[in-house]
Every structure is written in C-alpha cells, then in structure tokens.
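Colleague: Residue numbers (the numbering used here): 1 to 317.
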C-alpha cells in the first residue's frame, strides 16, 4: 500500500469514527427527548401502563385487551361498590402482557378485586406473538433502569432488548407517533381511569364468525394464565374471569376457553360468560361486532357490578 493510499484509508476511518460519534450523540439527544415525552404523556396506553406499574392504588383493577378497554367503566364500579377502580386494558394484548404488569403492580399494592376479560382466542400462539410485541413496546423504555423489566425482556424478546441497550431511540421506536400526537389528542379523547368509550355503531351485513383456527394453545401463554390465577389465589384477591358480550355467530367454545375453564376449576375460581347473553345481543349496544359502544358498556358494567356485589355478599366470611 502506497503512502497516499495509507492516508486515504486513514481519512476514511476518521470519517467513519466521526459519523459513529455523531450517530451516538444524535441517538442520545433524541432518545432523551423521547424519554421525557414518555414520562409526561398525557393519557392513553402509555399513561395507563405507567400508572398501573408505578403508582397503583385502586381497590379494583381490570385487565384485558381492547374489549376490556371499551367495555368496563370504572365509574360504575366505584358508584355501586364504593371501591376505587382502574382499567388496565390494552389494545392487542393478551395474558402475557397482563401477567407481567399484574406482577409489577402487586409489588407496590394489593387490590381487593381483579377482573380479567379474556378472548376466545386468548391462549393461542398468534395471540401470544402479537401480545409480545405490545409488551415489548411498553417495557423497553424501562429496561435501562429497572432490572425486573429487563429480566422480562430477556426472557420474552432478547433481540429487542439488545437493540434497546445499544440505541436509546429504539426503546421508543413503536411509540413515536403516540408521543408526537399525544398532547394534541387530549382534548378529543376521553380516557377515564383507563376506560375509553366508543360512540355510535358501524356494524353492517351478517354476523361474522369468530372461531379460532388453531387446534392447540401456546405453552408459555397457558403457563402465564395459570400464573395469573395462582398469584391472585395465593394473595386472597378476588378474581373474576369474564368473557364480555359479542355480536358474532354463536359458538359453543374454543380450545382457549376450554383450557381457561379447566385451569379455573383447579383453583376453584369462577368463569362468567356473558359472550352470548341475550340482554346484550343487540346492534345498538355495539360499536362493532367485538366491542361494546358506550351505551352497551354502561349496561354491561352495571350488570357485572350487580353480579359481583351479589357474589361478594354470598361469599363473605
């Protein structure tokens, strides 16, 4: 290699080094900005998640996917039972997500009642993989400062953890849009202790089918469901596992529901199925075929609270 070529290689490495330094600085500056925006997010999924693991204090906690987010009004629980209530539901989540945040919540607070809304596809692998992505988006911002969340990430999504450890921006990768529009949306979106009401009705045509194409449950997801149940049982916290109303073609059961019922039976815990309760099987109560609108949510929450009140009275020591 000639002297001139050696100089060119040296200049190239110098430029690469400067580029890497600039990328590192850029990553840390933007990452810090996103971190601060995350901590001050006004509401929505970020605020709900943060509250449920950092400063939980309510007597009743509700867990579940989007069907929980839009079907359980905490105000009705509080008015009827005289107990504070928070809805921890999360769009596109399943029991992997709920078990993780339940365990974190119980490190700081012990509620009186937990309600878990489950899907007829709760324990199948497609639901599990989707929930891992949701859980990763919520947990990665904490892995730099919280060992327990880092351990969860190491177990469920190690590749995502490595990327978040290298890049500060990466931890907020899937949340950038939410953070960018969060303050703008606060005037229009109502988030009432985690509950997000849906208005109107967009159902058209015949009722769709809602069968699970999978013939087996995901092992990890099933283990998490049992852990969720066992954890609450050991702490003597009342648990109500619910299938909330649906407006789809009737089905008797699924592999997920059969497995859920079997586990609940072993722990002597109730399963309350309102999936095809005729009191709610009306289009005017639904936003779409899987989600109640605000009218349906009000009626369902009132019915569920009434049933819980009767059950508590019946089973008081």
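Beta carbons: idealized from backbone N, C-alpha and C, even for Gly.
(1) Spatial neighbours of residue 255 within its chain, please: CB distance less than 8 Å, with the 5 preceding and 5 following residues excluded, ordered by chain position.
(2) As an exercise, report each continuous beta strand (DSSP E) stretch of at least 3 residues that is fully enclosed by the stretch 210-276, in chain order.
(3) Residue 291 and residue 66 - do their beta-carbons sit closer together than 9 Å?
(4) Within a Cβ cutoff of 8 Å, which residues of the same chain sit near residue 235, ignoring the five residues on either side of it in sequence?
(5) Check for me: the alpha helix (DSSP H) holding residue 159 runs from which residue to which?
(6) Can you tell me where the beta strand (DSSP E) with residue 113 in it begins and where it stops?
(7) Here's the rule: buried if 16 or more other CB atoms are within 10 angstroms of the residue's CB, otherwise exposed. What is residue 171?
(8) Do the CB positions of residue 87 and residue 195 come within less than 9 Å of each other?
(9) Pick out whichever of 224, 281, 70, 289 has its Cα sitting closest to the Cα of residue 198.
(10) Residue 302 and residue 247 look like a contact to me (Cβ under 8 Å); what is the Cβ gap, rounded to whole Å?
(11) Restricting to runs no shorter than 4 residues, where is the alpha helix (DSSP H) found entirely within the stretch 44-118?
(12) Give me the residue from 165, 114, 289, 286 with the minimum Cα distance to residue 145.
(13) Can you pull the DSSP bridge partners for residue 286?
(14) Under a Cβ-count criterion, where at least 16 other Cβ atoms within 10 Å of its own Cβ denotes burial, should residue 250 be classed as buried or exposed?
(15) Three-state secondary structure (DSSP) at residue 22?
Modeller: On the basis of the coordinates in this document:
(1) 123, 124, 212, 214, 215, 216, 217
(2) Qualifying beta strand (DSSP E) stretches, in chain order: 238-243, 271-273.
(3) yes
(4) 106, 110
(5) 158-166
(6) Residues 113-117.
(7) buried
(8) Against a cut-off of 9 Å, the Cβ pair of residue 195 and residue 87 comes out as a contact.
(9) 70
(10) 19 Å between Cβ atoms; not a contact.
(11) 44-54, 66-69, 74-81, 95-106
(12) 165
(13) 292
(14) exposed
(15) helix
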